[in-house]
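The opening residue of the sequence shown carries number 2 in my numbering; numbering runs sequentially from there.
Written below as structure tokens is the structure these notes are about.
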Amino acid sequence: MSNEIRLNSSKLGTKEYWNSFYKKEIANFQDNEEDTGECWFDDSDAESKMIQFLIDKINGEELPFGKQENIKIVDLGTGNGHLLFQLHEDILEECDYQDQIKFDFMGIDYSPDSVEFATKIAKQKYPQAAFQFEQVDLLTKENKFLSANTSQFDILLDKGTLDAIALNQDPISELGDKIGMDVYASQVSQLMHQNSVLLITSCNFTESELIKIITQDKTNSLSVWNKIDYPSFQFGGVKGSTICSIAFIKN
2 MSNEIRLNSS
12 KLGTKEYWNS
22 FYKKEIANFQ
32 DNEEDTGECW
42 FDDSDAESKM
52 IQFLIDKING
62 EELPFGKQEN
72 IKIVDLGTGN
82 GHLLFQLHED
92 ILEECDYQDQ
102 IKFDFMGIDY
112 SPDSVEFATK
122 IAKQKYPQAA
132 FQFEQVDLLT
142 KENKFLSANT
152 SQFDILLDKG
162 TLDAIALNQD
172 PISELGDKIG
182 MDVYASQVSQ
192 LMHQNSVLLI
202 TSCNFTESEL
212 IKIITQDKTN
222 SLSVWNKIDY
232 PSFQFGGVKG
242 STICSIAFIK
252 N
């Protein structure tokens with residue numbers, strides 16, 4: 002089980018850190034509207050690879066839930082909303098079905114300052130687009146967002162959120178004293194319907210570790226659907242990459 006996999010605790014796994022971080026980002030944005038904050042994993046080109054992966058699957062009609070008139074997308078741990086904003090822009094430029102499919106973009110984050118920041122950017126930079134941002138802590142038992150959005154999303158995105166969750170080793174009493182990374186999959190899967198796609202990018206876990214955490218050793222309804230290839234290196238006879246992106250499907 003995933004409880005064999007552990008990261009050292011870090012301030013990057015705390016709400017206090019991220020609230021403080023996004024307060025500074027908001028202040029910077031108010032001083033300069035071109036400063037929309039960090040693009041995480043930019044050095045590995047992860048964001049553009051995730052977006053290109055999705056657009057290629059849409060254009061090729063290869064998404065497991067089939068062609069739909071409406072695709073609902075949620076960004077888990079949206080931060081400054083950069084992934085959603087760039088996805089929106091690239092869909093307008095590259096998606097063959099942009100006139101036939103309505104895309105709904107939602108970003109959630111447990112930091113109220115993150116939500117405030119992303120909302121400000123959306124209003125300032127994308128006034129004609131329909132972005133929704135909401136403060137949500139996925140790692141709670143009585144969760145109104147999960148209840149209201151059960152089986153609602155077609156595509157779920159995670160670019161580093163599981164990584165941050167795994168940096169907090171504090172047990173969650175209302176979830177049986179499990180830590181966040183051990184309940185992440187069961188919480189997130191509630192938002193998925195059959196054939197929904199969960200696309201996760203991680204720099205803290207290997208492919209095999211990430212698969213183990215999300216599928217809980219093949220004991221839940223999630224399984225690997227596809228993955229994104231990154232440049233690999235070889236050291237000591239072992240081949241690997243500094244980052245991995247895996248698309249999981251709900252069976």
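Heads up, the beta-carbon is just placed ideally off N, CA and C, and yes, glycines get one too.
With 16 other CB atoms within 10 Å as the buried threshold, where does LYS219 fall?
Taking the sequence shown and counting its residues from 1, one reaches residue 219 at position 218. So LYS219 ends up on the exposed side.
Which value, in whole angstroms, describes the spacing of the CA atoms of ASN4 and GLY80?
Against the sequence shown, residue 4 aligns to sequence position 3. Against the sequence shown, residue 80 aligns to sequence position 79. The predicted model places ASN4 with a pLDDT of 47, which falls under 50 and marks its position as unreliable, so this point remains unresolved.
Of the listed residues ASP138, ALA119, ASN60, GLU62, nearest to PHE106 (C-alpha basis)
Counting from one through the sequence shown, the residue named residue 106 turns up at place 105. Closest option to PHE106, Cα to Cα, is ALA119.
For GLY67, does the three-state DSSP call read helix, strand or coil?
To locate residue 67, count along the sequence shown from 1; it is residue 66. Three-state result, GLY67: coil.
Three-state secondary structure assigned by DSSP to GLY82:
Along the sequence shown, one-based indexing puts residue 82 at 81. Coil.
Evaluate GLN125 with the Cβ neighbour count: other Cβ atoms within 10 Å of its Cβ, from every protein chain shown; 16 or more gives buried, anything less gives exposed.
Against the sequence shown, residue 125 aligns to sequence position 124. With fewer than 16 other Cβ atoms within 10 Å, it is exposed.
Cβ atoms of ALA248 and LEU200: under 7 Å apart, would you say?
Within the sequence shown, residue 200 is the residue found at index 199, counting from 1. Within the sequence shown, residue 248 is the residue found at index 247, counting from 1. Closer than 7 Å, so yes.
Among residues of its own chain, excluding the 5 on either side of THR151, which ones have a beta-carbon nearer than 8 Å to its beta-carbon?
Locating residue 151 in the sequence shown gives position 150, counting from the first residue. Once the five neighbours on either side are set aside, the close Cβ partners of THR151 are GLN191, LEU192.
What are the boundary residues of the alpha helix (DSSP H) that includes ILE102?
Position 101 of the sequence shown, counted from the first residue, corresponds to residue 102. ILE102 -> no alpha helix (DSSP H), and no H or E assigned at all.
Residues of its chain near SER187, where Cβ-Cβ distance is below 7 Å and the 5 sequence neighbours each way are ignored:
The sequence position of residue 187 within the sequence shown is 186, counting from 1. ASN221.
Thinking just about the alpha-carbon of each residue, which of LEU163, GLN101, PRO65, PRO172 is nearest to the one in SER224?
Taking the sequence shown and counting its residues from 1, the one referred to as residue 224 is at position 223. Closest option to SER224, Cα to Cα, is PRO65.
What is the rounded straight-line gap between the Cα of SER174 and the Cα of PRO113?
Within the sequence shown, numbered from 1, the residue matching residue 174 stands at position 173. Within the sequence shown, numbered from 1, the residue matching residue 113 stands at position 112. Each residue's Cα considered, the two are about 23 Å apart.
If you draw a straight line from the C-alpha of VAL116 to the C-alpha of ALA123, how long is it?
Taking the first residue of the sequence shown as position 1, residue 116 is located at position 115. Taking the first residue of the sequence shown as position 1, residue 123 is located at position 122. Taking the straight line from one Cα to the other gives about 10 Å.
Where the beta strand (DSSP E) containing GLN133 begins and where it ends
Along the sequence shown, read from residue 1 onward, the residue named residue 133 stands at position 132. Run containing GLN133: 132–136, per the beta strand (DSSP E) assignment.
Spatial neighbours of GLU135 within its chain, please: C-beta separation below 6 Å, excluding the five flanking residues on both sides.
Against the sequence shown, residue 135 aligns to sequence position 134. Within the same chain, GLU135 has close Cβ partners ILE109.
Rounded straight-line distance, which links the Cα of SER21 to that of ASP32:
Start at 1 with the first residue of the sequence shown, and residue 32 comes out as number 31. Start at 1 with the first residue of the sequence shown, and residue 21 comes out as number 20. Rounded to whole angstroms, ASP32 to SER21 spans 17 Å at the Cα level.
I need the boundaries of the alpha helix (DSSP H) containing PHE22, first residue and last residue.
To locate residue 22, count along the sequence shown from 1; it is residue 21. From DSSP, the alpha helix (DSSP H) with PHE22 extends over 16–32.
Quick one: residues in its chain with C-beta nearer than 8 Å to the C-beta of GLN133, no 5 flanking neighbours on either side, listed in chain order?
Within the sequence shown, the letter at position 132 stands for residue 133. Cβ neighbours of GLN133 beyond the five flanking positions: ASP105, PHE106, MET107, GLY108.
Residue of TYR231, ALA149, THR141 minimising C-alpha distance to ASP46
Reading the sequence shown from its first residue, position 45 is the one you call residue 46. Minimum Cα distance to ASP46 is reached at TYR231.
Output the distance between the C-alpha atoms of ASP178 and LYS142, rounded to the nearest integer angstrom.
Against the sequence shown, residue 178 aligns to sequence position 177. Against the sequence shown, residue 142 aligns to sequence position 141. Answer to the nearest angstrom: the Cα atoms are 12 Å apart.
Taking the alpha-carbon of GLU95 as reference, which of ILE74, GLY61, LYS121 has the nearest alpha-carbon?
The residue labelled residue 95 in the question sits at position 94 within the sequence shown. Nearest of ILE74, GLY61, LYS121 to GLU95, Cα basis: GLY61.
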